[in-house]
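Following: one structure in C-alpha cells, then a few remarks.
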Amino acid sequence: MVDIRTVLLGLAFVVASFAVALAEPATEERPNFAERFADARPIRVVLPAPWEPSSKPVLTVVRTPEK
Numbered sequence: 012m013v014d015i016r017t018v019l020l021g022l023a024f025v026v027a028s029f030a031v032a033l034a035e036p037a038t039e040e041r042p043n044f045a046e047r048f049a050d051a052r053p054i055r056v057v058l059p060a061p062w063e064p065s066s067k068p069v070l071t072v073v074r075t076p077e078k
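At position 42 of the sequence shown (counting the first as 1) the number is 53 in our numbering, and the numbers step up by one without a gap.
Here is the structure:
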C-alpha cells in the first residue's frame, strides 16, 4: 500500500510544477554590470607603510614548557 506521505509529496510536486508553468515571466529587465556598479562607491582601505609600525600593539604569547 502506498504511504500517504508519498502521495502528498507527489501531489505537492505536481501543484508546484503547475504553479511554475503558469507563472508569468519576469518583464523587468536588470541593468547590465556597468550600470549596476556605476554609482557604487569604491572601497578604500588605508594600510600603513611597511616601514611604519602598526598603531595597535601586537599581543605576543610566550609559552613556557611545563615541568
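C-beta atoms are modelled at their ideal positions from N, C-alpha and C, and glycine is treated no differently. The model shown is predicted, which means the values in this text are computed figures rather than measured ones.
> Just how far apart, CA to CA, sit P76 and V57?
Replying inline: In a straight line, the C-alpha of P76 is about 40 Å away from that of V57.
> So what does DSSP say about V26, is it helix, strand or coil?
Replying inline: In the structure shown, V26 sits in a helix (DSSP, three-state: H, G or I).
> How many Å lie between W62 and A51 at the Cα?
Replying inline: One C-alpha to the other measures close to 33 Å.
>> Could you compute how far the alpha carbon of V13 sits from the alpha carbon of G21?
In response: Rounded to the nearest whole angstrom, the CA to CA distance from V13 to G21 is 11 Å.
> In the structure shown, what three-state DSSP assignment does T7 receive?
Replying inline: Residue 7 is absent from the model: the chain starts at 12 and stops at 78.
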